[in-house]
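Scroll down for the structure; my scribbles are underneath it.
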Amino acid sequence: MLNFLKYVLATFVGLLIFCFISLLILIGILASAGSDNEVKIANNSVLELKLDKPISERDPKDPFSELGFSSGPFSGFVSSTDGLDQIKAAIRRAKQDDKIKGIFLNMTFVDGGMGKLEEIRKDLLDFKESGKFVVSYTDLSTEKAYYLASVADKIYINPMGTMEFNGMSSELYFFKRMLDKLGIEAQIFKVGTYKSAVEMFAMEQASEANKEQVTSFLNSINSYQLEQIAKTRGMTAEELKNIQDNLLVRDPQDAKKYKLVTDVGYFDEAIKYMKDEIGLEEKDKLELVQLSKYKKVKDKNISTSKNRIALIYAEGDIVDGEGDEDNIGSRRFSDAIRDARLDENVKAIVLRISSPGGSALASDVIWREVQLAREVKPVIASMSDVAASGGYYIAMGADTIVAHPNTITGSIGVFGVVPNMEGFLGDKLGITVDHVSTGKFSDMPTVTRPMTGQEKQIMQHQIDQIYEVFTSKAAQGRNMTQDQLKEYASGRVWSGIEAKERKLVDVYGGLDEALAIAAKKAGVEGDYRLKELPARKTFFDELLGGSMGSKAKDQAIKAEMGEMYPLYKLYKKASTIVGAQARMPFEMVVE
Numbered sequence: 001m002l003n004f005l006k007y008v009l010a011t012f013v014g015l016l017i018f019c020f021i022s023l024l025i026l027i028g029i030l031a032s033a034g035s036d037n038e039v040k041i042a043n044n045s046v047l048e049l050k051l052d053k054p055i056s057e058r059d060p061k062d063p064f065s066e067l068g069f070s071s072g073p074f075s076g077f078v079s080s081t082d083g084l085d086q087i088k089a090a091i092r093r094a095k096q097d098d099k100i101k102g103i104f105l106n107m108t109f110v111d112g113g114m115g116k117l118e119e120i121r122k123d124l125l126d127f128k129e130s131g132k133f134v135v136s137y138t139d140l141s142t143e144k145a146y147y148l149a150s151v152a153d154k155i156y157i158n159p160m161g162t163m164e165f166n167g168m169s170s171e172l173y174f175f176k177r178m179l180d181k182l183g184i185e186a187q188i189f190k191v192g193t194y195k196s197a198v199e200m201f202a203m204e205q206a207s208e209a210n211k212e213q214v215t216s217f218l219n220s221i222n223s224y225q226l227e228q229i230a231k232t233r234g235m236t237a238e239e240l241k242n243i244q245d246n247l248l249v250r251d252p253q254d255a256k257k258y259k260l261v262t263d264v265g266y267f268d269e270a271i272k273y274m275k276d277e278i279g280l281e282e283k284d285k286l287e288l289v290q291l292s293k294y295k296k297v298k299d300k301n302i303s304t305s306k307n308r309i310a311l312i313y314a315e316g317d318i319v320d321g322e323g324d325e326d327n328i329g330s331r332r333f334s335d336a337i338r339d340a341r342l343d344e345n346v347k348a349i350v351l352r353i354s355s356p357g358g359s360a361l362a363s364d365v366i367w368r369e370v371q372l373a374r375e376v377k378p379v380i381a382s383m384s385d386v387a388a389s390g391g392y393y394i395a396m397g398a399d400t401i402v403a404h405p406n407t408i409t410g411s412i413g414v415f416g417v418v419p420n421m422e423g424f425l426g427d428k429l430g431i432t433v434d435h436v437s438t439g440k441f442s443d444m445p446t447v448t449r450p451m452t453g454q455e456k457q458i459m460q461h462q463i464d465q466i467y468e469v470f471t472s473k474a475a476q477g478r479n480m481t482q483d484q485l486k487e488y489a490s491g492r493v494w495s496g497i498e499a500k501e502r503k504l505v506d507v508y509g510g511l512d513e514a515l516a517i518a519a520k521k522a523g524v525e526g527d528y529r530l531k532e533l534p535a536r537k538t539f540f541d542e543l544l545g546g547s548m549g550s551k552a553k554d555q556a557i558k559a560e561m562g563e564m565y566p567l568y569k570l571y572k573k574a575s576t577i578v579g580a581q582a583r584m585p586f587e588m589v590v591e
């Protein structure tokens, strides 16, 4: 009887899901039939960029758009980020769009890495070449937001607002005391003086070596960004450094005094300036077009060439197996590279990497596919915000490595952590564990007892071997001896500038430069279109695979936890570590 009721309930739930999906499809068909889905832009419009969502490499796919919901309550339902690809495409389209007269940067907090901001800033500068205006307004400006705003013709800050311009800092979290209180011992194995990812488990503050490397790459990135700001504000980098170091900007009037902004004024005053520039009357409404709307404008310049360049997005932690949309699964990305290698229409491959690393095994699996692809067609690596440790591992086999001066890279090193939870189980939970094995090492590794001296030697030997493989392959890819490569390894993190000086990268630039290099090497300059990989999941893939539910859950957790959400993410990362790792510190917040 109980089994019968279970089957009836399962059938009933299945019918409900079927009816729900059918209803969505029907509404989608009716919606698409009732409209042409054409986005209309009014004359004398201004593209408004708020950039108030986290910026990912690739615009998230809205599964509801497949059902005809190009607008309305379902539009953007799962879009929790803005894609760098669509932000750049919108700015470039606006440059050529006669209906768009300028760009309004209405920004406060910009949640994006330095590499992504570099690409957006470059496109904003290119947009200004059209003669159209760029205006910025803020109530509260972070340093990242100002880096973009500094390109504007007019920069407004609210008279009661705040501007952050005090240099860069990095916050590192340490959990040694917490583990001690819980009775958990972190048994650590690593190679590299600067391999600092394990310090969070074993120390209460950063080591001198770690402080040295963080100080070095922060100063490198900060100096570069001051030079770029100086060019657009008509100042010198030395003047800006003096303002930073002495915190000379403490209120909006200071910001104007030191020429960081052009106007201390309100939102309506920025609007009035743009109206005057366009030639509108005071009573006229200024049409501000949101990015979410403008990115749906159809691109009329889509190439029909048979030649393809495969653009493979590798963003997130590197993990074993299939992975998901938020990380780099070795199987999924190996399949993507293999697909590009075997496709005769694909003439070159560009790997767009934004990753702090992860599983050493997964990194090596992907590296192998890069090598196979490189044998038959050009492979170019484009580094975004960060391409370090395992991220560098999958880049180092490319023909050419392209990085921004403010990219974070390097961190060539390996570590492993085996927790000993015997104290936690026994002293905190009252659980004891006994072991019965067929051999001396049958239960290695286990978290229920401390490792023996011999087991620790075996584990360290395995880590050492992986490091030798890592540095050997990196040296081969960079045309160095292994000893030369090791001078820049030891887990040390570098800025893009520092990495290029040490020949760990080849060329400064972003994705555009990487694509141009790939097209030239393949002999298809100006005659190609992109094939973006891995393929995006469809609505039904999202629904049946459960990822829509997990995204909704993650958004709910983020909304509930607020500022504590980064610590939750840190916990989730730490809980998924399996095997030897080639990664940077789990959470390095650079502001």
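The sequence shown maps to residues 1 to 591 in UniProt numbering.
All residues carry an ideal CB built from backbone N, CA and C; glycine is no exception.
The model shown is predicted, which means the values in this text are computed figures rather than measured ones.
Check the Cα spacing between F470 and each of W367, G161, T236 and K181: the tightest is with W367. Rounded to whole angstroms, the separation of the alpha carbons of I412 and L47 is 42 Å.
Distances from the CA of Q454 to each of M163, L280, D464 and F441 were compared; the closest alpha carbon is that of F441.
DSSP places Q253 within a helical segment (H, G or I) once states are collapsed to three. In the three-state reduction of the DSSP assignment, V365 falls in the helix class, which pools H, G and I. If you draw a straight line from the Cα of P356 to the Cα of S384, it comes to about 11 Å. Per DSSP, N158 is one residue of the beta strand (DSSP E) stretching across K154 to M163.
The beta-carbon separation of A387 and I349, rounded to 16 Å, does not stay under the 8 Å limit for a contact. Our two residues, V414 and Q462, have alpha carbons roughly 10 Å apart in a direct line. Counting every other CB atom within 10 Å of its CB across the protein chains shown gives V433 a total below 16, marking it as exposed.
Counting only the Cα atoms, N106 lies some 15 Å from T162. In the pairwise beta carbon analysis, the segment 329-337 is classified as not touching the segment 284-293: fewer than three pairs are separated by under 8 Å. Counted as a single uninterrupted DSSP element, the beta strand (DSSP E) harbouring I408 occupies residues I408 to G410. For I278, the enclosing alpha helix (DSSP H) has its first and last residue at F267 to I278. Under the 8 Å Cβ criterion, the segment 232-251 does not count as touching the segment 209-216, having fewer than three qualifying pairs. Annotation: S490 to E227 spans about 30 Å, alpha carbon to alpha carbon.
Within the UniProt domain "Peptidase S49" (374-524), the complete beta strand (DSSP E) segments at least 3 residues long are 379-388, 400-403, 408-410, 414-420 and 493-495, listed from N- to C-terminus. Here S437 is exposed. Its C-beta has fewer than 16 other C-beta atoms within 10 Å. Straight through space, the alpha carbons of K116 and Q465 are spaced by roughly 35 Å.
Around the CB of S130, fewer than 16 other CB atoms lie within 10 Å, so the residue is classed as exposed. Between the segment 396-405 and the segment 422-430 there are fewer than three inter-stretch CB-CB distances shorter than 8 Å, so the stretches are not counted as touching.
For S359, the uninterrupted beta strand (DSSP E) run begins and ends at G357 to S359, by DSSP. Rounded to whole angstroms, the separation of the alpha carbons of L533 and K259 is 44 Å. By the neighbour-count criterion, in which 16 or more other beta carbons inside 10 Å mark a residue as buried, Q205 falls on the exposed side. If you check the CB distance, A373 and V319 do not come in under 9 Å. Boundaries cannot be given for I184, as no beta strand (DSSP E) includes it and DSSP labels it neither H nor E. Of the other Cβ atoms in all chains shown, fewer than 16 fall within 10 Å of the Cβ of T304; this residue is therefore exposed.
Cα atoms of S334 and E369: separation of roughly 6 Å, rounded to the nearest angstrom. Residue environment analysis places R177 among the exposed positions, since fewer than 16 neighbouring C-beta atoms fall within 10 angstroms of its C-beta.
If you ignore the 5 residues before and after V505, its C-beta comes within less than 6 Å of the C-beta of I401, A403 and A499, all in its own chain and listed in chain order. Nearest in C-alpha terms to A145, of all of K128, D111 and P159, is D111. For N106, the enclosing beta strand (DSSP E) begins and ends at I100 to N106.
Close CB contacts of L248 within its chain, under the 8 Å cut and outside five residues either way in sequence, are with N242, D254 and Y258 (chain order). Around the C-beta of K88, 16 or more other C-beta atoms lie within 10 Å, and the residue is accordingly described as buried. Straight through space, the alpha carbons of Y173 and I394 are spaced by roughly 27 Å. I184 and Y392 have their C-alpha atoms spaced approximately 32 Å apart.
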